[in-house]
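A.B. asks: Residue numbering for the sequence shown follows this note's numbering, beginning at 43 and increasing consecutively. What follows is a structure written as structure tokens; I'll ask about it next.
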Amino acid sequence: MLIKSYLENRYKKVDWNKHYSTWDKIQCGVPQGSILGPLLFLIYVNDLPLINKDKKDHEIILYTDDTSVIITAPNHMELNTQANLLFYKINMWFQNNLLFLNLGKTLYTDFSPNFLIARMDSIQYDNTKLTNAPLKKFLGLMIDSNLTWNQHVDLILRRLSSACYAINCVKYTCQ
């Protein structure tokens, strides 16, 4: 009963440039900025990684409101085929669960060691070319498409340098 009252009888209106829409009943979702919102969202999407669990060539990783998919393939053509099949299944899961797959925010990275020069031109799904992100922050790690640690080490060095400077500035006042 408590959760039901938390989710029902809520209304919204849009304020854009001092123009207001009419009040409209919210059909689904949780209040933005609420404490329970992230937990309920995680419960809601918890079965997404199970859509194709028998396949061993990919993994779906959920972290708060971010979803990452790791696909392994022997060549670019197979990778594109697998990506399209998986995107189709993910998109169907989203539609069945009243969610929307935003391809404009969907990025991909073609991970290959330095000695493999041939890179993927692009991945396309539903007539939309996905954006290539050769450097991506993933769970706090900066990962580049060559699988080197250079960018992450540079980030850590900048942070450590800032911390050392701050400590140096206050060291005489903390004695």
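Glycine included, C-beta positions come from ideal geometry on N, C-alpha and C.
1. For the structure I just gave you, are there three or more beta carbon pairs, one from the segment 181-201 and one from the segment 127-144, closer than 8 Å?
2. To the nearest angstrom, how far is it from the Cα of T215 to the Cα of Y48?
3. Classify I77: buried if its beta carbon has 16 or more other beta carbons within 10 angstroms, exposed otherwise.
4. Tell me whether N165 sits in a helix, a strand or coil according to DSSP, three-state version.
5. CB-CB under 7 Å to P176, same chain, minus the five flanking residues each way: which ones, in chain order?
6. From R201, I68, D57, pick the residue whose C-alpha is nearest to that of N51; which is it?
7. Using C-beta distances below 8 Å, list every residue in its chain close to K131, excluding the 5 sequence neighbours before and after it, in chain order.
8. Does the Cβ of N45 have 16 or more other Cβ atoms within 10 Å, making it buried, or fewer, making it exposed?
C.D. replies: A quick look at the data gives this:
1. no
2. 50 Å
3. exposed
4. The sequence shown places Ile at residue 165, rather than the Asn named in the question. It is coil, neither helix nor strand.
5. T151, D186, S187
6. I68
7. I93, N94
8. According to the sequence shown, residue 45 is Ile rather than Asn. Exposed, because fewer than 16 other Cβ atoms sit within 10 Å of the Cβ of I45.
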